[in-house]
Amino acid sequence: MTPETKRTIILIDDNAILRTIFAHMLQGFTEYEIDFHSFKNALDALDYLENNDISQSLMPAILFVDINMPFMTGWELMDVLENRTDFIKQTKIFIVSSSTSKNDQEQLANYPFISGFILKPFGKESIYEILKKPD
Numbered sequence: 004m005t006p007e008t009k010r011t012i013i014l015i016d017d018n019a020i021l022r023t024i025f026a027h028m029l030q031g032f033t034e035y036e037i038d039f040h041s042f043k044n045a046l047d048a049l050d051y052l053e054n055n056d057i058s059q060s061l062m063p064a065i066l067f068v069d070i071n072m073p074f075m076t077g078w079e080l081m082d083v084l085e086n087r088t089d090f091i092k093q094t095k096i097f098i099v100s101s102s103t104s105k106n107d108q109e110q111l112a113n114y115p116f117i118s119g120f121i122l123k124p125f126g127k128e129s130i131y132e133i134l135k136k137p138d
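Sequential numbering from 4 applies to the sequence shown in the numbering used here.
In C-alpha cells form, the structure reads like this:
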C-alpha cells in the first residue's frame, strides 16, 4: 500500500448496529489500508483523540459524526473541534444523520470546515466516493 491509500477513519455514532455495518463496509475496500476506530459517543472520541497524543501523521483522514447522541451532540462536538485548527485542516468531517430537519441543514452553515452531510441510511457507494477523493 502507498501513503495515498492509507486512511485513518473514525465513526462516532451511538447506534451499535450502524458501527458494525460501517466496519464491515470498510473491510470491502481492499484497495485501501484503513485504520478504523468507532465510538458510541463524542466524549469517548474526544478522550481518545486527546489522550493518545495523536501526531499529525496519525490524525484521522476522515471523521463521520452523528448529530443526535447522548452526552454530547454532533453539533456540540463541532463547537469543540472548530477551535482545533490543526485537526480541522487535516481531517475531512462528515455529518451522518437520519434527520431531515431544516434546522440541522441550516446548522451546517455554522461550520464551514464540515465537508458534507450524509443522510442515513447510506450505502457503500457513498463511503467509497469519500474515500477515493484525494486528501
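The beta-carbon is built from N, C-alpha and C at its ideal position, and this holds for glycine as well. Please read these numbers as outputs of a predicted model, since none were measured by experiment.
Same chain, Cβ closer than 7 Å to Lys123, neighbours up to 5 away in sequence not counted: In its chain, beyond the 5 residues on either side, Val99, Ser100 and Ser101 have a beta carbon closer than 7 Å to the beta carbon of Lys123.
For Lys9: DSSP bridge partner residues: Under the DSSP definition of a beta bridge, Lys9 partners with Glu36.
Cβ pair Asp17, Met72 closer than 7 Å: A contact, by the Cβ cut-off of 7 Å.
Option in Gln93, Gln110 and Gly126 with minimal Cα separation from Arg10: It is Gln93.
Contact set for Met28: own chain, Cβ-Cβ below 8 Å, skip 5 residues either direction: Here the set comprises Lys127 and Ile130.
Stretch pair the stretch 44–54 + the stretch 78–95: three plus CB contacts closer than 8 Å: As far as the Cβ criterion goes, the stretch 44–54 touches the stretch 78–95, which means the pair count is three or higher.
Endpoints, the alpha helix (DSSP H) within which Ile91 is located: Counted as a single uninterrupted DSSP element, the alpha helix (DSSP H) harbouring Ile91 occupies residues Thr88 to Gln93.
Residue interval of the beta strand (DSSP E) (run including Phe25): Run containing Phe25: none in the beta strand (DSSP E); it sits in the alpha helix (DSSP H), Ala19 to Gln30.
CB contact flag (Ile13, His40, <7 Å): Between Ile13 and His40, the gap from beta carbon to beta carbon is short of 7 Å.
Cβ separation of Phe116 and Ile133, assumed to be a contact under 8 Å, to the nearest whole Å: Under the criterion of beta carbons closer than 8 Å, Phe116 and Ile133 do not qualify as touching, at roughly 15 Å.
Residue(s) in a DSSP beta bridge with Ser100: Residue pairing by DSSP places Ser100 opposite Leu122 in a beta bridge.
Val68 - partner residues in DSSP beta bridges: Per DSSP, the beta bridge partners of Val68 are Ile15 and Ile98.
For Val68 and Thr33, the rounded distance between their alpha carbons: About 23 Å.
Phe74 burial status per 10 Å Cβ neighbour count (16 or more: buried): The Cβ neighbour count for Phe74, taken over all protein chains shown within 10 Å, is under 16; the residue is labelled exposed.
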